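Notes follow once the structure below has been shown.
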Amino acid sequence: MKVTETWNEKETFALGRALGENAHPGQVYTLLGDLGVGKTVFTQGMAAGLGITEPVSSPTFTIVQVYEEGRLPFYHFDVYRIGDVEEMEEIGYEDYFYGEGVCLIEWADLIEEILPGHYTQVVIEKDLDKGFDYRKITMTEK
Ligand code: ADP
Ligand code: MG
């Protein structure tokens, strides 16, 4: 388990970017945290670290958004609106989870039963005692 504290948006972006720069094929990250905590900021950092220049936001109409212009393919999942894991099967999630790209899965606790045997869990939390812009980012190898 590794804890990183960030004190502004740029630091969270930089952490994501460092992970993107060092990512390797087949890596899976899950991303948990309340609305407005910085999941999109972190994701944009990771995309930047992979060399993706196009704008990255949350996949609104699809479960997964695919970015292919970077050093490795980047598969950004947001499973928040998913009904059941059957929807993941319909989109062929295994090709992404066990492929050559890097997966980042928001709200992954909703699809826990199909997560791969190994992944890195990223949890972002606020602590208002430490200020409005403080975030505690905990990474755990699962
Ligand atoms: P989410 O995707 O989790 O809903 P966003 O990334 O869209 O959240 O928004 C996070 C908001 O919090 C942004 O407005 C950002 O500027 C702000 N913010 C303040 N401090 C931080 C920090 N340390 N890390 C990330 N975002 C921060
Ligand atoms: Mg978001």
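Quick note: the sequence shown uses the numbering used here, first residue 542, plus one each step. Just so it is clear, CB atoms sit at the ideal spot from N, CA and C, and this is done for glycine as well. All of these numbers come straight from a predicted model, not from anything done at the bench.
Considering Cα atoms alone, identify which of P657, E627 and T553 is closest to E682.
Comparing Cα-Cα distances from E682 to each of P657, E627 and T553, the minimum goes to P657.
Margin query: Any residue with its C-beta under 6 Å from a non-hydrogen atom of ligand 2 counts. Can you list them all in chain order?
Written below: Put simply, the residues with a CB less than 6 Å from any heavy atom of ligand 2 are K580, T581 and S599, in chain order.
Which residue from F615, D619 and M629 puts its Cα closest to that of V643? Checked all of F615, D619 and M629; the closest Cα to V643 is F615.
With burial defined as no fewer than 16 other Cβ atoms inside 10 Å of the residue's Cβ, what is the status of L560: buried or exposed?
By the neighbour-count definition (other C-beta atoms within 10 Å, threshold 16), L560 is a buried residue.
| said: Once DSSP output is grouped into helix, strand and coil, what is the label at F638? | reply: F638 falls in the helix class under three-state DSSP.
**Cβ pair count under 8 Å reaching 3, the stretch 666-681 against the stretch 591-610** = Not touching, per the Cβ criterion.
Could you tell me which residues DSSP puts in a beta bridge with V544?
According to DSSP, residue pairing for V544 in a beta bridge involves T679.
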